[in-house]
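Structure first, then comments.
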Amino acid sequence: MMVVLVDKLVKTQIVECSAVANWIFSSELGSELTNFYVWEILSSTIEKMNRQVEKYHNELLDLRRQLNISATVQAATHTSDIIPSNEPIITSHEEKISDENKMDENDNTPVNEEKPTITNLKRRRESDDDDDDDDDENNDEKQSTEKIQSMQISQPPMDEATAKLHEKYEIVEERLSHAREQQKKLYLIVFQRFIMTLSDFLNECESKNVDPVSTPWLKWIIERLQEIFLLYHEQVFQYVSTFESLIFTSDIDFCILEVFQQFCALRA
Numbered sequence: 004m005m006v007v008l009v010d011k012l013v014k015t016q017i018v019e020c021s022a023v024a025n026w027i028f029s030s031e032l033g034s035e036l037t038n039f040y041v042w043e044i045l046s047s048t049i050e051k052m053n054r055q056v057e058k059y060h061n062e063l064l065d066l067r068r069q070l071n072i073s074a075t076v077q078a079a080t081h082t083s084d085i086i087p088s089n090e091p092i093i094t095s096h097e098e099k100i101s102d103e104n105k106m107d108e109n110d111n112t113p114v115n116e117e118k119p120t121i122t123n124l125k126r127r128r129e130s131d132d133d134d135d136d137d138d139d140e141n142n143d144e145k146q147s148t149e150k151i152q153s154m155q156i157s158q159p160p161m162d163e164a165t166a167k168l169h170e171k172y173e174i175v176e177e178r179l180s181h182a183r184e185q186q187k188k189l190y191l192i193v194f195q196r197f198i199m200t201l202s203d204f205l206n207e208c209e210s211k212n213v214d215p216v217s218t219p220w221l222k223w224i225i226e227r228l229q230e231i232f233l234l235y236h237e238q239v240f241q242y243v244s245t246f247e248s249l250i251f252t253s254d255i256d257f258c259i260l261e262v263f264q265q266f267c268a269l270r271a
């Protein structure tokens, strides 16, 4: 009954995961630590926290794929829009031929009209050729400039759907960051409470001149600590440097520190 109740409280976010971890290692449950339901509650709480982080992580990856697809489609559409249509273009060469044909027609005028001399015709044609060459160069430069300007257009404007995707991406990214902070906080509390509980027991044994290694209680709690490390090794390794600098330091008892060192040696 207690397991189901705590599970509902955590699922409905009435109680935070870190509060459950503090409660498990509190003095009220100090005598219950050797019962299985306590560790079932702790494991269920940690798994819920891990699933929440994984959920936001998968949502972020999915949104990232959608944004990449949307950007590709927009770029392809934008490129097709700026490609010029294949309309027939009258070249300067064709214009030159047309002008020469007109000149030939003028040459076939009646005899009584005054005919230009051969020298004047040559000069006129040379002058027209020079003008046509200048026009060709100007047209080519103009077309090149227009083409470069069209290709230098920045990214296509963002449509409404893509804008909504960007907005949703930022929201999910913020949620993921918050969930990871809560996850790290939960593991910090769990390991810190383990150390405090074990240290208190070791000090008590020392004051009573009792060998703690011979007690089943110490063996039981040490094995639960090892179980947490092994079950959630992927998540723990993400924050292992933080754990090493904050809680698993050289001033704690060696039997506790040894568990952490053995865990780190798995990926050494």
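The C-terminal residue of the sequence shown carries number 271 in the working numbering, and the numbering is unbroken. Positions of the beta carbon are idealized from the N, C-alpha and C atoms, including for glycine. What you are looking at is a predicted structure, and each value in this text was computed from that prediction instead of being measured.
Would Leu45 and Ile17 qualify as a contact pair, given that the criterion is a beta-carbon distance under 8 Å? no
What separation, rounded to the nearest whole angstrom, lies between the Cα atoms of Glu170 and Gln264? So the two alpha carbons sit approximately 43 Å from each other.
How do the region 209 to 223 and the region 6 to 24 stand: do at least 3 beta-carbon pairs fall below 8 Å, yes or no? Between the region 209 to 223 and the region 6 to 24, the count of C-beta pairs closer than 8 Å stays below three; the two stretches do not touch.
In chain order, what residues of the same chain lie with their CB nearer than 6 Å to the CB of Val193, ignoring the 5 residues before and after it? Ala24
Nearest CA to the CA of Thr165: which residue from Val41, Ser244, Val262 and Asn71? Asn71
Counting only the same chain and skipping the five closest in sequence on each side, list residues whose C-beta sits under 8 Å from that of Ala74. For Ala74, where only same-chain residues beyond five positions count, the Cβ hits under 8 Å are Thr165.
Expressed to the nearest angstrom, what Euclidean distance is found between the alpha-carbon atoms of Gln158 and Tyr59? Residue confidence is low: Gln158 scores 49 on pLDDT, short of 50, so the model does not pin down where it sits. Its coordinate-derived value is still stated next. So the alpha carbons of these two residues sit roughly 29 Å apart.
Tell me which same chain residues have a C-beta within less than 6 Å of the C-beta of Trp220, skipping the five on either side of it? none
Taking the alpha helix (DSSP H) that Phe194 falls in, what are its first and last residues? Glu163 to Ser210
What is the C-beta distance between Val41 and Glu50, in whole angstroms, given that I count them as a contact (C-beta under 8 Å)? Not quite, the Cβ-Cβ distance comes to about 15 Å (not below 8 Å), so this is no contact.
Suppose you measure from the CA of Val213 to the CA of Asp203; what does that come to, to the nearest Å? 13 Å
Do Gln186 and Asn53 count as a contact pair if the criterion is CB distance below 8 Å? Yes, Cβ-Cβ distance for Asn53 and Gln186 is below 8 Å.
Per-residue burial, Phe257 [other beta carbons within 10 Å of its own, 16 or more giving buried]: exposed
If you reduce the DSSP assignment to three classes, tell me which class Tyr59 lands in. helix
Looking at Leu63 and Glu176, is the spacing between their C-beta atoms short of 8 Å? yes
Quick one: give me the first and last residue of the alpha helix (DSSP H) that Ser253 is part of. For Ser253, there is no enclosing alpha helix (DSSP H), as DSSP gives it neither H nor E.
Residue interval of the alpha helix (DSSP H) (run including Ser217): No residue range can be given for Ser217, since it is assigned to no alpha helix (DSSP H) and is classified by DSSP as neither H nor E.
Just how far apart, CA to CA, sit Lys167 and Val9? Rounded to the nearest whole angstrom, the C-alpha separation of Lys167 and Val9 is 37 Å.
Are the beta-carbon atoms belonging to Leu228 and Phe197 less than 8 Å from one another? Taking 8 Å as the Cβ cut-off, Leu228 and Phe197 qualify as a contacting pair.
So Val239 and Tyr190 are in contact, right, with Cβ under 8 Å, and what is the actual spacing, rounded? About 6 Å; that satisfies the 8 Å criterion.
Helix, strand or coil at Ser46 according to DSSP, with G and I counted as helix: helix
Going by CA-CA distance only, name the one from Arg270, Phe246 and Ala271 that's closest to Leu260. Phe246
Using only CA atoms, which one of Ser253, Asp254, Leu234 and Leu249 lies nearest to Phe266? Leu234
Looking only at its chain, what residues have a beta carbon closer than 8 Å to the beta carbon of Met5, apart from the 5 residues adjacent to it on each side? Tyr40 and Ile44
Taking 6 Å as the limit between beta carbons, can you name the residues of its chain near Thr37, skipping five residues before and five after? Trp223
What separation, rounded to the nearest whole angstrom, lies between the Cα atoms of Glu230 and His236? 10 Å
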